[in-house]
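Worksheet: one structure, shown below.
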Amino acid sequence: MPPHFIDGAPHDHSHDRPRRERTPGEALRIGIGGPVGSGKTALVAALCRQLRAELSLAVLTNDIYTTEDADFLRRHAVLPDERITAVQTGGCPHTAIRDDITANLDAIDDLIAANPPLDLILVESGGDNLTATFSSGLIDVQIFVIDVAGGDKVPRKGGPGVTFSDLLVVNKTDLAPLVGADLAVMERDAAKVRDGRPTALISLTDDPAATPVLAWVREQLRRVDDTADSAVAH
Ligand SMILES: Nc1nc2c(ncn2[C@@H]2O[C@H](COP(=O)(O)OP(=O)(O)OP(=O)(O)O)[C@@H](O)[C@H]2O)c(=O)[nH]1
Ligand SMILES: [Mg+2]
Numbered sequence: 200m201p202p203h204f205i206d207g208a209p210h211d212h213s214h215d216r217p218r219r220e221r222t223p224g225e226a227l228r229i230g231i232g233g234p235v236g237s238g239k240t241a242l243v244a245a246l247c248r249q250l251r252a253e254l255s256l257a258v259l260t261n262d263i264y265t266t267e268d269a270d271f272l273r274r275h276a277v278l279p280d281e282r283i284t285a286v287q288t289g290g291c292p293h294t295a296i297r298d299d300i301t302a303n304l305d306a307i308d309d310l311i312a313a314n315p316p317l318d319l320i321l322v323e324s325g326g327d328n329l330t331a332t333f334s335s336g337l338i339d340v341q342i343f344v345i346d347v348a349g350g351d352k353v354p355r356k357g358g359p360g361v362t363f364s365d366l367l368v369v370n371k372t373d374l375a376p377l378v379g380a381d382l383a384v385m386e387r388d389a390a391k392v393r394d395g396r397p398t399a400l401i402s403l404t405d406d407p408a409a410t411p412v413l414a415w416v417r418e419q420l421r422r423v424d425d426t427a428d429s430a431v432a433h
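Residues in the sequence shown are numbered consecutively from 200, following the numbering used here.
Okay, structure coming up:
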């Protein structure tokens, strides 16, 4: 029997705003989304620890009912307190990063005003599901973090984060033997739908520097610098 599809769903997840216009010299904004517990905050902490000596950084977290993730990052002193802020969404986290992004934009304005000049702003989404993505009116590029613990089927289940994120991160590879997940299957299924966009398999436990993700972030920053240089030259 063929599957039933819901067409024109009342809670549509596909709309977006036009890509925001980045002024040369403005901080690059990287969105980090993905399902609950996949390792988004752990990745934010890793990137802050690796980049804070060379860049001016700030972090914005989203949580539904608390400011748990921002509190965690402050407690672990990954950045000075004034460089970490939070949005408490009160409802589905994806609404705050895609549908009504006002609270996130206001929080980013506050970070920029309090910490001039900023090179990079990391925006963590509240833990959500495979349908959640950031509005391109809020961030410049986005990372989608899934983990191995949910089983090796997750990339095959697809969704906009798995398919269209600028970088797909498959975290917790250390757990693969424990849950019987085949990493080669995850890599292959991701490659099938990602049309050449990169995927990084990592374990933040085994590699706390998140080396491949760090290299990707540095590449994004270099691209931004190149754009700024060419804008000055013209
Ligand atoms: N074994 C293992 N555990 C990890 C790894 N990365 C993160 N964790 C653990 O996974 C749990 C969830 O990590 P978080 O960084 O809080 O995940 P999150 O995606 O930010 O969670 P939410 O914001 O609640 O959606 C924590 O207990 C982390 O210590 C990893 O590579 N391997
Ligand atoms: Mg988190």
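We put the CB at the ideal spot given by N, CA and C, even for glycine.
Measuring from the CB of T288, is there a heavy atom of ligand 2 at a distance below 7 Å?
Every heavy atom of ligand 2 is 7 Å or more from the Cβ of T288, so no.
Is it right to say T301 is buried, meaning 16 or more other beta carbons lie within 10 angstroms of its own, or is it exposed?
Exposed is the call here.
Suppose contacts are defined by Cβ-Cβ distances below 8 Å. Is F363 in contact with G232 by that definition?
Contact flag unset, no.
Does ligand 2 have a heavy atom nearer than 7 Å to the CB of G326?
Result yes, Cβ under 7 Å from ligand 2.
First and last residue of the beta strand (DSSP E) that includes V340?
Its beta strand (DSSP E) spans residues 340-346.
Any idea if L377 is buried or exposed, counting beta-carbon neighbours within 10 angstroms, 16 or more meaning buried?
Its Cβ having fewer than 16 others within 10 Å, L377 is exposed.
Could you tell me the alpha carbon to alpha carbon distance between R393 and L400, rounded to whole angstroms?
For R393 and L400, the distance between alpha carbons rounds to 15 Å.
For D425, count neighbouring Cβ atoms within 10 angstroms of its own Cβ and tell me buried if that reaches 16, exposed if not.
Result: exposed.
Rounded C-beta distance between L317 and A257? I'm assuming under 8 Å.
The pair is a contact, with the Cβ atoms about 6 Å apart (cut-off 8 Å).
Quick check on the contact list: which residues have their beta carbon closer than 5 Å to a heavy atom of ligand 2?
That query returns the following residues: K239, T240, D268.
Quick check: is any heavy atom of ligand 1 less than 7 Å from the C-beta of N314?
For ligand 1, not one heavy atom lies less than 7 Å from the Cβ of N314.
Thinking just about the alpha-carbon of each residue, which of W415, V412, L304, A313 is nearest to the one in D280?
Cα-wise, what sits closest to D280 is A313.
Would you grab the beta carbon distance between D365 and V347 for me? Rounded to a whole angstrom, and I think it's under 8 Å.
Between V347 and D365 the Cβ distance is about 21 Å, and since that is not below 8 Å, they are no contact.
So is the beta-carbon of P303 under 7 Å away from any non-hydrogen atom of ligand 1?
Note that residue 303 is Asn in the sequence shown, not Pro. Not under cutoff, so the answer is no.
Given the structure, does K391 come close to ligand 1, in the sense that its CB is under 7 Å from one of the ligand's heavy atoms?
No, Cβ of K391 sits at least 7 Å from all heavy atoms of ligand 1.
Cutting at 8 Å between CB atoms, please list the residues of its own chain near S335, excluding the five before and the five after it.
D215, R216, P217, R218, R219, listed in sequence order.
Would the C-beta of T404 count as close to ligand 3, meaning under 7 Å from any of its heavy atoms?
Summarising the ligand content, the structure contains ligand 1 and ligand 2 and does not contain ligand 3.
Could you check which residue in A383, S255, G326 has the C-alpha nearest to that of R228?
Answer by Cα proximity: S255.
Could you give the residue range of the alpha helix (DSSP H) that holds G232?
No alpha helix (DSSP H) holds G232; the beta strand (DSSP E) holding it covers 227-232.
Examine ligand 1 and report whether any of its heavy atoms sits within less than 7 Å of the Cβ of V235.
At least one heavy atom of ligand 1 is nearer than 7 Å to the Cβ of V235, so yes.
Just the C-alpha distance for T260 and R387, rounded to the nearest angstrom, thanks.
For T260 and R387, the distance between alpha carbons rounds to 31 Å.
Could you pull out every residue in the same chain whose Cβ sits closer than 8 Å to the Cβ of L272, ignoring the five residues on either side in sequence?
Same-chain partners within the cutoff: T240, V243, A244, C247, V258, T260, L278, I283.
Using the rule of at least 16 other Cβ atoms within 10 Å of the residue's Cβ for burial, across every protein chain shown, is P407 buried or exposed?
Exposed: under 16 other Cβ atoms inside 10 Å.
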